[in-house]
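A.B. asks:
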Amino acid sequence: MDVGLAASLTGAFCQAANYVLTQKCRDVVDVSGMQMVIAVHIGMGILAAVPFIGFKLWNTVRFDHVIPLLMVNIPYISAQILLLAAIQKSGASIISPLLALKIPILAVLGFVLMDDVLNLQQLLAVLSILALAICLSKSAGKIAWVPLFLTSLACLGYAISDYSINHYSKSLQNFSEFDQVWVTVSINYLFCGLICLIPAFPYRVGHHLIFECKWISIIWLMAVTLLVLGFKSSGVLQANVAQSLRGVFGVILAYIFLRTTSASSTLSAPRKLSIAAGMVGAVALFFS
Numbered sequence: 000m001d002v003g004l005a006a007s008l009t010g011a012f013c014q015a016a017n018y019v020l021t022q023k024c025r026d027v028v029d030v031s032g033m034q035m036v037i038a039v040h041i042g043m044g045i046l047a048a049v050p051f052i053g054f055k056l057w058n059t060v061r062f063d064h065v066i067p068l069l070m071v072n073i074p075y076i077s078a079q080i081l082l083l084a085a086i087q088k089s090g091a092s093i094i095s096p097l098l099a100l101k102i103p104i105l106a107v108l109g110f111v112l113m114d115d116v117l118n119l120q121q122l123l124a125v126l127s128i129l130a131l132a133i134c135l136s137k138s139a140g141k142i143a144w145v146p147l148f149l150t151s152l153a154c155l156g157y158a159i160s161d162y163s164i165n166h167y168s169k170s171l172q173n174f175s176e177f178d179q180v181w182v183t184v185s186i187n188y189l190f191c192g193l194i195c196l197i198p199a200f201p202y203r204v205g206h207h208l209i210f211e212c213k214w215i216s217i218i219w220l221m222a223v224t225l226l227v228l229g230f231k232s233s234g235v236l237q238a239n240v241a242q243s244l245r246g247v248f249g250v251i252l253a254y255i256f257l258r259t260t261s262a263s264s265t266l267s268a269p270r271k272l273s274i275a276a277g278m279v280g281a282v283a284l285f286f287s
């Protein structure tokens, strides 16, 4: 299996696990979405600081890196806030499949920014993924308009951030392609964590909340590292197509750990399995 594809699929599983962890954490800790976003990203910043300090990456960072890093983090943090709000309103198993909306957004951005055009087979695969993702989301419960709108905006933010972080990673010419991945993640998420320190005091985010969110921070940092590796090896759109299977993983994990199907579900178990198989087939069609 291609390295980029393997990394993207593993990242998809990590992302699905992260959404479930977020839901469970919100069930235990009575905090707002903003407080959780701040705490999680400060935690990620602390983790990212370890290789930054250990490998003296401050020698790599220059003042002209600030704007590219802001181009990554402003859309990213905004998307995180919107996503957490959507999960709070609907649940991880409903929202997770809808992140497939990022794929057509990435395709449009790729066409506008780099003249990338999908062939007919790839276009059919993307449309199939989108249709099946909506069905998978509906199988977990009703899709309300407000969470759908929030998720769509989050997908736009993630798409902009994805292209931006890939561009920043390529600019680190002093490192090999593999080293560019972990160096990018270390610098970017330390920068992101420092940004999140600014609102931490007014939003009363203390070390206890950061500790409560530790597993979300760890799993999410693993996911984004794999995502950046997927970008480097396969391309931004291609990596995200593979990661669209997060929806399949999300529904399975949410059922196992949250038990959120039964009453609100409108599809039988065999029907859900057929949709999941269709998602896998659509992803395979894109890469065939």
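Under numbering that gives the first Met the number 0, think of the first position of the sequence shown as 0, with each following residue one higher.
Ideal placement from N, C-alpha and C gives every residue a C-beta, glycine not left out.
Cutting at 7 Å between CB atoms, please list the residues of its own chain near Gly-10, excluding the five before and the five after it.
C.D. replies: Counted from its first residue, the sequence shown places residue 10 at position 11. Within the same chain, Gly-10 has close Cβ partners Ala-222, Leu-225, Leu-226, Gly-229, Gln-242.
A.B. asks: With DSSP run on the structure shown, which of helix, strand or coil describes Val-39?
C.D. replies: As a working note, residue 39 is residue 40 in the sequence shown. Helix, per DSSP.
A.B. asks: Which whole-angstrom value describes the C-beta separation of Val-116 and Phe-285, a residue pair presumed to lie in contact below a C-beta threshold of 8 Å?
C.D. replies: In the sequence shown, the residue the question calls residue 116 occupies position 117. In the sequence shown, the residue the question calls residue 285 occupies position 286. Incorrect: roughly 14 Å between the Cβ atoms, too far for contact.
A.B. asks: Just tell me which of Asn-187, Gly-156, Pro-201 has its CA closest to the CA of Leu-171.
C.D. replies: In the sequence shown, counting from the first residue as 1, residue 171 sits at position 172. Looking at the Cα atoms, Asn-187 is the closest of the given residues.
A.B. asks: When burial is assigned at 16 or more other CB atoms within 10 Å of the CB, is Lys-52 buried or exposed?
C.D. replies: For the purposes of this step, residue 52 is identified with residue 53 of the sequence shown, where counting begins at 1. Reading off the sequence shown, one finds Ile at residue 52, where the question assumed Lys. Exposed, by the Cβ-count rule.
A.B. asks: Can you look up Ala-85 in the DSSP assignment and give me helix, strand or coil?
C.D. replies: The residue labelled residue 85 in the question sits at position 86 within the sequence shown. Correct three-state label for Ala-85: helix.
A.B. asks: Who are the Cβ neighbours of Cys-13 in its own chain at under 8 Å, not counting the five residues just before and after it?
C.D. replies: Counting from one through the sequence shown, the residue named residue 13 turns up at place 14. Only Ile-218, Trp-219, Met-221, Ala-222, Leu-225 meet the Cβ criterion.
A.B. asks: Going by DSSP in three states, Pro-103 sits in which element: helix, strand or coil?
C.D. replies: To locate residue 103, count along the sequence shown from 1; it is residue 104. If DSSP states are grouped into helix, strand and coil, Pro-103 belongs with the helices.
A.B. asks: Have a look at Pro-201 and Leu-135 and give me their C-alpha separation to the nearest angstrom.
C.D. replies: Along the sequence shown, read from residue 1 onward, the residue named residue 201 stands at position 202. Along the sequence shown, read from residue 1 onward, the residue named residue 135 stands at position 136. Roughly 39 Å between the two C-alpha positions.
A.B. asks: Counting only runs of 4+ residues fully inside the stretch 2-38, write out the alpha helix (DSSP H) ranges in chain order.
C.D. replies: Within the stretch 2-38, the complete alpha helix (DSSP H) runs of at least 4 residues are 2-27.
A.B. asks: When burial is assigned at 16 or more other CB atoms within 10 Å of the CB, is Asn-72 buried or exposed?
C.D. replies: Residue numbering aside, residue 72 sits at position 73 when the sequence shown is read from its first letter. Flag for Asn-72 reads buried.
A.B. asks: Among His-166, Leu-123, Asn-173, Leu-97, whose alpha-carbon lies nearest the alpha-carbon of Trp-144?
C.D. replies: Residue mapping note: residue 144 aligns to position 145 of the sequence shown, counting from 1. It is Leu-97.
A.B. asks: What are the boundary residues of the alpha helix (DSSP H) that Trp-57 is part of?
C.D. replies: Mapped onto the sequence shown, residue 57 falls at position 58. Careful: Trp-57 lies outside any alpha helix (DSSP H) and carries neither H nor E.
A.B. asks: Evaluate Met-305 with the Cβ neighbour count: other Cβ atoms within 10 Å of its Cβ, from every protein chain shown; 16 or more gives buried, anything less gives exposed.
C.D. replies: The shown model of the chain, from 0 to 287, leaves out residue 305, and the question about it has no answer.
A.B. asks: Whole angstroms is fine: what's the gap from Met-70's alpha carbon to Val-204's?
C.D. replies: Looking up residue 70 in the sequence shown gives position 71. Looking up residue 204 in the sequence shown gives position 205. Taking the straight line from one Cα to the other gives about 25 Å.
A.B. asks: Which residue wins for smallest C-alpha separation from Ala-78, given the options Ile-215, Val-235, Leu-155?
C.D. replies: By 1-based counting over the sequence shown, the position of residue 78 is 79. Nearest of Ile-215, Val-235, Leu-155 to Ala-78, Cα basis: Leu-155.
A.B. asks: Take Gly-234 as the anchor and find which of Val-184, His-206, Ser-163, Leu-196 has the nearest alpha-carbon.
C.D. replies: Along the sequence shown, read from residue 1 onward, the residue named residue 234 stands at position 235. When each option's Cα is compared against that of Gly-234, the closest is Ser-163.
A.B. asks: Mind reading off the beta-carbon distance from Leu-8 to Leu-244? Whole number of angstroms is fine, and I expect it under 8 Å.
C.D. replies: Here residue 8 is taken as the residue at index 9 of the sequence shown, counted from 1. Here residue 244 is taken as the residue at index 245 of the sequence shown, counted from 1. Leu-8 to Leu-244, Cβ: 6 Å. Contact.
A.B. asks: Got a sec, what are the start and stop residues for the alpha helix (DSSP H) Leu-139 sits in?
C.D. replies: Translated into the one-based positions of the sequence shown, residue 139 becomes position 140. Residue identity differs from the one stated: residue 139 is Ala in this sequence, not Leu. 119-139 is the extent of the alpha helix (DSSP H) around Ala-139.
A.B. asks: Do Ala-5 and Ala-85 have their C-beta atoms within less than 8 Å of each other?
C.D. replies: Reading the sequence shown from its first residue, position 6 is the one you call residue 5. Reading the sequence shown from its first residue, position 86 is the one you call residue 85. Contact: no.
A.B. asks: Is it right to say Ile-102 is buried, meaning 16 or more other beta carbons lie within 10 angstroms of its own, or is it exposed?
C.D. replies: By one-based count along the sequence shown, residue 102 stands at place 103. Its Cβ being crowded by 16 or more others within 10 Å, Ile-102 is buried.
A.B. asks: From Ile-215 to Leu-46, what does the alpha carbon distance come to, in whole angstroms?
C.D. replies: Here the question's residue 215 lines up with position 216 in the sequence shown. Here the question's residue 46 lines up with position 47 in the sequence shown. Near 12 Å, if we compare the C-alpha coordinates of Leu-46 and Ile-215.
A.B. asks: Quick one: what's got a C-beta closer than 7 Å to Val-30's C-beta in the same chain, skipping five residues either side?
C.D. replies: For this step, residue 30 is matched to residue 31 along the sequence shown. Correct list, in chain order: Leu-208.
A.B. asks: Which residues in the same chain as Arg-28 place their Cβ atom closer than 6 Å to its Cβ, once the five residues preceding and following it in sequence are excluded?
C.D. replies: Translated into the one-based positions of the sequence shown, residue 28 becomes position 29. Reading off the sequence shown, one finds Val at residue 28, where the question assumed Arg. Here the set comprises Glu-211.
A.B. asks: Tell me where the alpha helix (DSSP H) around Gly-229 begins and ends.
C.D. replies: If you number the sequence shown from 1, residue 229 lands on position 230. Residues 213-233.
A.B. asks: Give the secondary structure of Ile-76 by DSSP, where H, G and I count as helix, E and B as strand, and everything else as coil.
C.D. replies: The sequence position of residue 76 within the sequence shown is 77, counting from 1. Three-state result, Ile-76: helix.
A.B. asks: When we look at the beta-carbon of Ile-37 and count the other beta-carbons within 10 Å, is it buried (16 or more) or exposed?
C.D. replies: Numbered from its first residue, the sequence shown carries residue 37 at position 38. Counting Cβ neighbours within 10 Å, Ile-37 comes out buried, since at least 16 surround it.
A.B. asks: Could you give the distance in angstroms between the alpha-carbon of Ser-167 and the alpha-carbon of Leu-108?
C.D. replies: In the sequence shown, the residue the question calls residue 167 occupies position 168. In the sequence shown, the residue the question calls residue 108 occupies position 109. For the record, residue 167 in the displayed sequence is Tyr; it is not Ser. For Tyr-167 and Leu-108, the distance between alpha carbons rounds to 17 Å.
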